[in-house]
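S.K.:
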Amino acid sequence: MEIGREILWNAGSWGRYITYLFMVITFVCLFLGLKKRYAMWKIGQSVPFDFKRLLWQRIGYFIKSGVFHKTILRKNEGFPGWMHFFIFWGFLILAIGTALVALQDDFTRLVFGWEYLKGNFYLGFSFALDLAGLFAIIGVLMAMWRRYVTRPQRIDDNKSDDLICLVWILAVLVTGFLVEGGRIAATKPDYEVWSFVGWYAASLYGSLDQAAIETVHRVLWYLHMIISFGLIVYIAYSRLLHIITSSLNMMFRGVEESPRGAIAAIPDFENAEEFGVNAIEGFSWRQIFDLDACTRCGRCQDRCPAFATEKPLSPKKFIQDLKGEWERTAAGVKNEEGIIDNVIGEETLWSCTACLSCQVNCPVSIPTFDKNIEMRRYLTMTLSQVSSEMKLLYKNLQTRFDPYGMGKSQRLEWTEGLDIKKATDEEVEYLYWVGCVASLDDRNRKIARAFSTVLQKAGVSFGVLGPEEKCCGDPLRRTGNEYQYFEIAEGNVELLKELGIKKIITACPHCYNTLKNDYAQLGANFEVYHHTEFMAKLAREGKIKINPTVEGVTTYHDPCYLGRVNRIFDDPREVVNRVKKGSFVELPRSFDEGFCCGGGGGRIWMEEHHLRINHNRMDEMIAAKANTVVTACPYCLIMMEDAIKDKEKSETMTALDISEIVAKSI
0 MEIGREILWN
10 AGSWGRYITY
20 LFMVITFVCL
30 FLGLKKRYAM
40 WKIGQSVPFD
50 FKRLLWQRIG
60 YFIKSGVFHK
70 TILRKNEGFP
80 GWMHFFIFWG
90 FLILAIGTAL
100 VALQDDFTRL
110 VFGWEYLKGN
120 FYLGFSFALD
130 LAGLFAIIGV
140 LMAMWRRYVT
150 RPQRIDDNKS
160 DDLICLVWIL
170 AVLVTGFLVE
180 GGRIAATKPD
190 YEVWSFVGWY
200 AASLYGSLDQ
210 AAIETVHRVL
220 WYLHMIISFG
230 LIVYIAYSRL
240 LHIITSSLNM
250 MFRGVEESPR
260 GAIAAIPDFE
270 NAEEFGVNAI
280 EGFSWRQIFD
290 LDACTRCGRC
300 QDRCPAFATE
310 KPLSPKKFIQ
320 DLKGEWERTA
330 AGVKNEEGII
340 DNVIGEETLW
350 SCTACLSCQV
360 NCPVSIPTFD
370 KNIEMRRYLT
380 MTLSQVSSEM
390 KLLYKNLQTR
400 FDPYGMGKSQ
410 RLEWTEGLDI
420 KKATDEEVEY
430 LYWVGCVASL
440 DDRNRKIARA
450 FSTVLQKAGV
460 SFGVLGPEEK
470 CCGDPLRRTG
480 NEYQYFEIAE
490 GNVELLKELG
500 IKKIITACPH
510 CYNTLKNDYA
520 QLGANFEVYH
530 HTEFMAKLAR
540 EGKIKINPTV
550 EGVTTYHDPC
560 YLGRVNRIFD
570 DPREVVNRVK
580 KGSFVELPRS
590 FDEGFCCGGG
600 GGRIWMEEHH
610 LRINHNRMDE
620 MIAAKANTVV
630 TACPYCLIMM
640 EDAIKDKEKS
650 ETMTALDISE
660 IVAKSI
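Numbering that gives the first Met the number 0 puts the first residue of the sequence shown at 0, with every later residue one more than the last.
1) Evaluate the contact criterion for the stretch 390-400 versus the stretch 471-489: three or more CB pairs, one atom per stretch, below 8 angstroms.
2) Alpha carbon to alpha carbon, what distance is there between V436 and P633?
3) How big is the Cα-Cα spacing for E346 and L172?
4) Using a Cβ distance threshold of 8 angstroms, determine whether the stretch 51-63 contacts the stretch 82-99, with at least three qualifying pairs required.
5) Considering just the uninterrupted stretch of the beta strand (DSSP E) at D656, what are its terminal residues?
6) Could you give the C-beta distance for L411 and G462, rounded to a whole number, given that I count them as a contact under 8 angstroms?
7) Can you find the residues in the same chain that come closer than 7 angstroms, C-beta to C-beta, to R146, ignoring five residues on each side of it along the sequence?
8) Give the range of the alpha helix (DSSP H) segment to which T452 is assigned.
9) Hey, A261 and D49: beta-carbon distance below 8 angstroms or not?
10) Would you be able to state if there are at least three C-beta pairs under 8 angstroms between the stretch 492-512 and the stretch 564-577?
11) Skipping 5 residues on each side, what residues in its chain have a beta carbon closer than 7 angstroms to that of C293?
12) Run through DSSP, which three-state label would V276 get?
13) Start and end of the beta strand (DSSP E) containing I666?
14) Please list, in chain order, all residues of the same chain as E114 whose beta carbon is under 8 angstroms from its beta carbon, the five residues on each side excluded.
15) Along the chain, which unbroken stretches of the alpha helix (DSSP H) at least 4 residues long are found entirely within the stretch 218-277?
16) Please state the DSSP three-state secondary structure of L430.
17) Does the stretch 214-228 come close enough to the stretch 17-27 to have 3 or more Cβ pairs within less than 8 angstroms?
18) Can you tell me the Cβ-Cβ gap for P314 and C299, rounded? I've got them flagged as a contact below 8 angstroms.
19) Looking only at its own chain, which residues have a Cβ that is under 6 angstroms from the Cβ of M617, when we skip the five neighbours before and after it?
20) Nearest-angstrom Cα distance between I243 and S202?
21) Assuming N626 and M652 make a contact with CB atoms under 8 angstroms, what is their CB distance in whole Å?
22) Please determine, among C471, I62, V628 and M141, the residue with the shortest C-alpha to C-alpha distance to S438.
23) Taking the beta strand (DSSP E) that E526 falls in, what are its first and last residues?
24) Exposed or buried, what is R182 when buried is set at 16 or more other beta-carbons lying within 10 Å of its beta-carbon?
25) Could you check whether T505 and G434 sit closer than 8 angstroms to each other, using their CB atoms as the reference points?
26) For the alpha helix (DSSP H) containing T347, name the first residue and the last one.
27) With a CB to CB cut of under 7 angstroms and the five nearest residues on each side skipped, what residues in its chain are close to H216?
28) Taking only three categories from DSSP, how would you classify Y16?
29) Note down the Cα distance separating F282 from G522, rounded to an integer number of angstroms.
30) Nearest to N613 by CA position, among K644, M141 and A623, is which residue?
31) What does a CB cutoff of less than 6 angstroms around K407 pick up in its chain, not counting 5 residues either side in sequence?
32) Contact check, R285 vs V46 under 8 angstroms by CB: the rounded distance?
33) Report the rounded CA-to-CA distance for C635 versus W604, giving the unit in angstroms.
34) As a quick exercise: from F525, K542 and N371, pick the residue whose alpha carbon is nearest that of R672.
35) Closer than 8 angstroms is the cut-off here; do at least three beta carbon pairs connect the stretch 445-460 with the stretch 536-545?
36) Over what stretch of residues does the alpha helix (DSSP H) that includes V629 continue unbroken?
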C-alpha cells in the first residue's frame, strides 16, 4: 500500500463544492467585518504614516517578537508566554498544513499530476500536524487554567467572549482529531501510527462497525468544517481580531520612528484653537488602532508603579476604558461631556509617572503615555484646570525659569571654591548642563561639585551657563504645558546655537532626554552625553583611574529616563563595578524591568497619595541587603534618600549619585 491518504475522504460527492461555498462565504463575512472595523479606526484624526519607511525593519521586528515570541517570552512570563507560543505555533503549523493539502488537491495534482503528500514526507507531515494540534490543545487548556482557575491579579476582567473563543478553538482542534481518528479507524493503514493523536482517537471508534464509523466521521467532518470556517469569521467580531491588529501594531509601533523619549509635538501648534484631547475623535487613527490592538494581557498593569502602589491608574484599564468609549462613539453614542472625568478620571491622569514601563513591556508595543499627555494638555492649556502645586510650578518656571522659584542669581552658588568656567564667557569643548535640581537643591549640589571635580581631574575642557541656564522644560512638557515648554525650549536652543555649543554633558536623565530627543524637534542637533556615559568613557580611555573604595553591598537603581527610555544600562554598571570594593547585587526589577522612583512625569513636584512608589522600590533594596544605593538621577536621589529616612534605615543604608562615588575614588 502506497503511503498517503485520500483528500476529502468520505466527504461525499458534493464535499468539495460545499467546502468551496463555505470558504467563499467565510472570507466575504471576514472582509465585511474588517471593513467595518477599518471605518471605526478612521474616526480618529488623520496623521501621516509611511508604512513603507523602515519596512524591512518592521517585518524583522514582527518576525522576531511576534512570530518567535521574543517579547512575550521575556523574563517572568514563562507560563503565559509558552501558553501563547503553543497556541500560536500550533495553529500556524496547522494552517500551513491545510494550505499544503489544498495546494496539492486543487493545483499541483490537477495541473502537473504531482502529489507530494506521500511516502516519508507524508509521514513526517502527519506527525508534525498532530504534534502542532496537540500543543495547541495544551496551550488552550493552559489559558483556561490560568484565566478561570489560578486567575492572577492582572486577569481581572473576564468576558464571555474570552470563554467563547477558548471553547471554540478547542472544539476545532478536538473535532479535527476525531475526524482524523474516524478516517484511520475506517481505512486502517498501519503507517498512520505516525499520526499519533489521530491513532489514539481511532481507538474511540472501536465498538462501531464500518458503516457507523463512516457515518460518524462524515457528520464530524462537516461539523469540523463549519466550526472552523465559523472561527475564521469570528475573528473580525471578537478578541481574536488581535491576530490582525496586534500583528500590525507590532509593525506600526515596534520599530520606533522617533526616539522613545520624545513626545509628539502638537500639529500646527501656533494656529490651534484648542489643545489636547477631550473627545475620542481627537486622538489620531494610530492611537485608536492601539486601543483595538490591546489584548488585555495585563503585562502593563503588572509593571506600573502607580498601580503597584494602589493609585487609580491601571494602564490596562486606561486603554480598555478608552476602547469602550471609542466603540460607543463609533456606534453613534455621542459623549457630550467629554472623556476626562467621565471615562478617565483626573487623578488617574496625574498618577502616571511617565516611566514608559507599560509601553516597553507591552508585547504589542502599545504606548499609553501618548494618550495621557493629550488629556493633560487639554486640562492644562485648554481648561487651565490644574492643581495648586502645578500652578506654582508653572509660575516659578515662567518668572524664575526654575521649578523652585529661586532665580538665576543662585545658580552658581554650588561652584564656590571651584574654578568653573562660564561657557558664555570663553570657548569650551563641552557644556556641562547642570540642571535645576543640581544647581539649586542643597543635597543635589553635591552632584554638581563631584562631577565637576571628575571632569577637572580628567582634564576635560568644560564650562557651565550659570545664570543663563534655564530649566530644560521637561516638567512643563510632561505635565501637558506645551505652550510654556516651547517658550523656554526655543530660548534655550537659540542660546546654545549662539554660543556655538556642540557637545553637552548632563547628570540629569530628564535634561538628557529633553536636550537630545525633544530639542531635536526644534532643529537642535547636539552631541549629548549623560555623565555615566562620559565617566565610563573617561575610565576606558585612561583619563581617570577609578579605585575600588565602596565597602559592603552595593546596588544600582536604573533611572527610567536613562535606562528604559534611552537604553543606557551598561555604562553606569561599568562604573559601579570599577568603584565597588565589596559585592554588587542586581535588583530583581532592573534594566528594562526597572521600577520607577516615583518622581517622573512631574510627580516629584506633586504631593503623593496612597502608598509611596519610592517606598515600594526601597523595600526591594532592603530585601537585597544593600548598604549603598547608587543612582544616576537627581530625582531618584531625592526619592531614595527620602525612602531611606522614612524606612529608618539611615544607619545601614546610604544613597549616592554615581559621580559622588567616582569623585572620591580617583
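Don't be surprised by glycine CBs; every beta carbon is placed ideally from N, CA and C.
M.R.: On the basis of the supplied data:
1) At 8 angstroms Cβ cutoff, the stretches touch.
2) Cα to Cα, the separation comes out at about 6 angstroms.
3) 46 angstroms
4) Short answer: they don't touch.
5) T653 to D656
6) Not really, about 12 angstroms apart at Cβ, beyond 8 angstroms.
7) By the criterion of a C-beta distance shorter than 7 angstroms, R146 is surrounded in its chain by I154, N157 and D161, once the five residues flanking it on both sides are discounted.
8) R444 to K456
9) no
10) yes
11) Cβ neighbours of C293 beyond the five flanking positions: I318, Q319, K322 and I365.
12) coil
13) The chain is shown only over 0 to 665; residue 666 falls outside these bounds and no answer can be derived.
14) G3, Q103, T107 and R108
15) 241-252
16) strand
17) With the cut-off at 8 angstroms, the stretch 214-228 and the stretch 17-27 touch.
18) In this structure P314 is in contact with C299, their Cβ atoms being roughly 4 angstroms apart against a cut-off of 8 angstroms.
19) A642 and K646
20) 38 angstroms
21) 6 angstroms
22) C471
23) E526 to H529
24) buried
25) yes
26) E345 to W349
27) N9, V178, G181, R182 and A185
28) helix
29) 26 angstroms
30) K644
31) P466
32) 6 angstroms
33) 13 angstroms
34) Residue 672 cannot be examined here, being either before or after the span of the chain that is shown, 0 to 665.
35) Taking 8 angstroms as the limit for Cβ pairs, the verdict is that the stretch 536-545 does touch the stretch 445-460.
36) In this chain, V629 is not harboured by any alpha helix (DSSP H); it is covered by the beta strand (DSSP E) spanning T627 to T630.
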